[in-house]
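> Residue numbers (my numbering): 36 to 194.
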Amino acid sequence: MSYPPPRYLGETGELNATYRPVGAAPEWTYANGNTVHYLATGATTNGQFGLYRWEMGPQPSGPDAHFHRSISESFYILKGSVRIFDGKRWIDTEPGDFVHVPEGGVHAFRNESGEPASMLLHFAPGAPREAYFEGLPELGKMTDEERAAFMLDHDTFWI
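1) Give the DSSP bridge partners of S109, in chain order.
2) Give a yes or no on whether the C-beta atoms belonging to S96 and R145 are separated by under 8 Å.
3) Figure out for me which residue from E165, Y167, G122 and W89 has the closest Cα to the Cα of I194.
4) Alpha carbon to alpha carbon, how far is S107 from H135? Give it in angstroms, no decimals.
5) Just verifying my parser: in three-state terms, what is the DSSP assignment at L187?
6) Let me know the secondary structure DSSP gives F84 once reduced to three states.
7) Roughly how many angstroms separate the alpha carbons of F185 and T47, rounded to a whole number?
8) Quick one, which of P163, D188, L174 and E180 has its alpha-carbon nearest N81's?
9) Find out if the Cβ-Cβ distance for the pair L113, L155 is shorter than 8 Å.
Written out as structure tokens, the structure reads:
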């Protein structure tokens with residue numbers, strides 16, 4: 036494997052880094068209190084990746100088994116224990132654990148620990164997952180056809 040072709044062709048570099056302090060407010064909060072911090076979106080990384088901090092309360096929560104056709108998804112556990120399904124088994128993770136799921140890989144995650152948990156979610160390439168996260172609370176208001184279109188639009192295929 037080699038480095039990809041250069042994307043920046045300047046000679047002196049640019050002053051374009053971004054900084055997000057740890058205390059920044061989350062961009063999205065669910066009715067159950069879970070929050071999502073949009074650390075780096077596909078829009079801010081020129082489509083290279085998306086990185087989100089997912090904060091879960093003690094109540095059980097998380098999606099059932101699914102896969103994505105066009106994006107990979109990775110999980111890095113920051114705090115607590117998150118159960119992650121790797122397509123074969125449920126793994127009880129702990130802080131510092133990492134799970135990578137390539138495109139097409141069946142996966143799921145749940146906080147079933149009874150304690151708060153947080154993790155980093157990394158998607159590559161950087162799809163617009165923000166619209167997916169923000170649309171989830173509306174699923175119950177959608178018709179079956181609207182829900183199917185929403186999932187297709189957001190590259191989510193349930194098992």
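The beta carbon of each residue, even a glycine, is placed where N, CA and C say it ideally should be.
Looking at the atomic coordinates:
1) In the DSSP assignment, the residues bridged to S109 are H135 and H157.
2) A Cβ-Cβ contact shorter than 8 Å links S96 with R145.
3) Its Cα nearest to that of I194, the residue G122 stands out among E165, Y167, G122 and W89.
4) Whole-angstrom Cα-Cα distance: 8 Å.
5) DSSP places L187 in helix when its eight states are reduced to three.
6) Coil.
7) If you take the alpha carbons of F185 and T47, they lie about 44 Å apart.
8) Among P163, D188, L174 and E180, the Cα nearest to that of N81 belongs to P163.
9) Pairing L113 with L155 gives a Cβ-Cβ distance under 8 Å.
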